[in-house]
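Peer 1:
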Amino acid sequence: MNRPLLLLLALLVPGALLAAGGCSSDAASADASADASPDRVRLAKPIIIDARCRIEIDTPALLDSPHVAIDTPVTYNSNPPASGPHYPIWAAFQEYPSPVDRRYYVHDLEHGAVVLLHNCAAKDAGAECAANVAGLRAAVASVPSDPLCAGTEVRVRTIITPDPLLDVPLAIVAWGWTYRADCLDQPSLNAFVNAHYGQGPEAVCANGQPQF
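Numbering (the working numbering), first residue to last: 6 to 217.
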């Protein structure tokens with residue numbers, strides 16, 4: 006197993022690096038630093054996954070994340086955004102045929118959701134667009150049912166939506182973490198979604214607004 010994949014596993018699954026017999030903990034610490042939350046790390050620099058295309062995982066700086074009025078302009082520090090100002094209303098946990106405004110789905114991230122994004126107009130998406138969306142659905146299906154959502158209409162806190170502001174065909178975002186890909190790589194996609202599910206500062210499964 007190569008070093009980039011071992012390091013990814015170390016960051017996504019605690020103890021996986023040493024269990025795999027790969028790089029030492031010193032090597033991992035060179036690329037990661039402790040976060041205020043003891044169960045997560047922050048990356049000192051992005052991780053580039055060894056795949057058939059460029060896949061980058063990063064931890065952009067966490068922004069102040071107040072509620073703002075509808076239509077308030079917001080500037081985020083990453084694409085897609087992983088924290089920051091957002092609307093008081095969040096989007097329902099489901100798949101959408103048309104884009105959900107980022108100021109809605111950032112609120113979902115705060116509630117521990119993982120948001121899976123696609124842009125069929127981005128570079129190299131083309132004929133692979135349908136397969137990309139199917140891959141996002143498969144990643145959601147790989148997430149175990151959320152006990153926080155028991156007794157509700159929600160199985161898991163995830164959203165799939167087009168995002169025309171993406172400059173890559175595929176992206177996944179959780180609170181404080183981004184995954185950006187030029188192609189579909191199902192193993193790393195599933196690993197990221199499962200590793201960063203439910204990591205927002207507010208554990209909420211009450212459903213949001215399904216239409217905008």
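Backbone N, C-alpha and C fix where the C-beta goes; we use that ideal spot for every residue, glycine too.
1) Can L171 and H123 be called in contact, C-beta distance under 9 Å?
2) Of all the options V111, D190, P71 and T64, which has the alpha carbon lying nearest to the alpha carbon of F98?
3) Rounded to whole angstroms, what's the CA-CA distance from G117 to P102? Just pull it up for me.
4) Which residue wins for smallest C-alpha separation from C134, given the options F197, L175, E115 and G205?
5) Would you call G205 buried or exposed, if buried means 16 or more other Cβ atoms sit within 10 Å of its Cβ?
6) Sort Y184, V209, N195 and A208 by Cα distance to D63 and report the nearest one.
7) Mind checking E115: buried by the 16 CB within 10 Å criterion, or exposed?
8) Using only the alpha-carbon positions, how far apart do L141 and L121 sit?
9) How far does the beta strand (DSSP E) with R107 in it extend, from its first residue to its last?
10) How many angstroms separate the CA atom of T163 from the CA atom of V119?
11) Report the three-state DSSP secondary structure of P102 (helix, strand or coil).
12) Give me the residue from L68, Y92, P85 and L67 with the minimum Cα distance to P78.
13) In this structure, what does DSSP give as the bridge partners for Q191?
14) For N137, count neighbouring Cβ atoms within 10 angstroms of its own Cβ and tell me buried if that reaches 16, exposed if not.
15) For P90, which residues from the same chain have a beta carbon less than 8 Å from its beta carbon, with the 5 sequence-adjacent residues on both sides left out?
16) State the start and end residues of the unbroken beta strand (DSSP E) segment that holds V178.
17) Determine the direct distance from the alpha carbon of I52 to that of P104, and round the result to whole angstroms.
18) For A118, does the three-state DSSP call read helix, strand or coil?
19) For the beta strand (DSSP E) holding L48, just list the boundary residues, first then last.
20) Could you tell me which residues DSSP pairs with R185 in its beta bridges?
21) Rounded to a whole number of angstroms, what is the C-alpha to C-alpha distance between P65 and S83?
Peer 2: Once the coordinates are examined:
1) Translated into the one-based positions of the sequence shown, residue 171 becomes position 166. Translated into the one-based positions of the sequence shown, residue 123 becomes position 118. Result yes, Cβ atoms of L171 and H123 sit closer than 9 Å.
2) Translated into the one-based positions of the sequence shown, residue 98 becomes position 93. Of the candidates V111, D190, P71 and T64, the one whose C-alpha sits nearest the C-alpha of F98 is V111.
3) Working through the sequence shown from its first residue, we reach residue 117 at position 112. Working through the sequence shown from its first residue, we reach residue 102 at position 97. Looking at the backbone, the Cα of G117 and that of P102 are separated by about 22 Å.
4) By one-based count along the sequence shown, residue 134 stands at place 129. Taking only the C-alpha atoms, the option nearest C134 is L175.
5) The residue given as residue 205 occupies position 200 in the sequence shown. Buried is the call here.
6) Reading the sequence shown from its first residue, position 58 is the one you call residue 63. Checked all of Y184, V209, N195 and A208; the closest Cα to D63 is Y184.
7) Working through the sequence shown from its first residue, we reach residue 115 at position 110. By the neighbour-count rule (16 or more Cβ atoms within 10 Å), E115 is buried.
8) One-based indexing of the sequence shown puts residue 141 at position 136. One-based indexing of the sequence shown puts residue 121 at position 116. Near 6 Å, if we compare the C-alpha coordinates of L121 and L141.
9) Working through the sequence shown from its first residue, we reach residue 107 at position 102. Taken as a continuous stretch (DSSP letters only), R107 belongs to no beta strand (DSSP E), being part of the alpha helix (DSSP H) at R107 to E115.
10) Working through the sequence shown from its first residue, we reach residue 163 at position 158. Working through the sequence shown from its first residue, we reach residue 119 at position 114. So the alpha carbons of these two residues sit roughly 5 Å apart.
11) Here residue 102 corresponds to residue number 97 of the sequence shown, with the count starting at 1. Residue state, collapsed to three classes: coil.
12) Reading the sequence shown from its first residue, position 73 is the one you call residue 78. Of the listed residues, the one whose Cα sits closest to P78 is Y92.
13) As a position in the sequence shown, residue 191 is number 186, starting the count at 1. Under DSSP, Q191 shares a beta bridge with no residue.
14) For the purposes of this step, residue 137 is taken as residue 132 along the sequence shown, with counting starting at 1. Result: buried.
15) Position 85 of the sequence shown holds residue 90. Cβ neighbours of P90 within its own chain (closer than 8 Å, five residues either side excluded): L68, D69, S70, P71, H72, V73, T77, V79, R108 and V111.
16) If you number the sequence shown from 1, residue 178 lands on position 173. Taken as a continuous stretch (DSSP letters only), the beta strand (DSSP E) holding V178 covers L175 to A179.
17) The residue you call residue 104 lines up with position 99 of the sequence shown. The residue you call residue 52 lines up with position 47 of the sequence shown. Cα atoms of P104 and I52: separation of roughly 28 Å, rounded to the nearest angstrom.
18) If you number the sequence shown from 1, residue 118 lands on position 113. Correct three-state label for A118: coil.
19) Counting from 1 along the sequence shown, the entry for residue 48 is found at position 43. From DSSP, the beta strand (DSSP E) with L48 extends over V46 to L48.
20) As a first step, residue 185 is located in the sequence shown; it is residue number 180 there, counting from the start. R185 is bridged by DSSP to E61 and A176.
21) Taking the first residue of the sequence shown as position 1, residue 65 is located at position 60. Taking the first residue of the sequence shown as position 1, residue 83 is located at position 78. C-alpha separation (whole angstroms): 6 Å.
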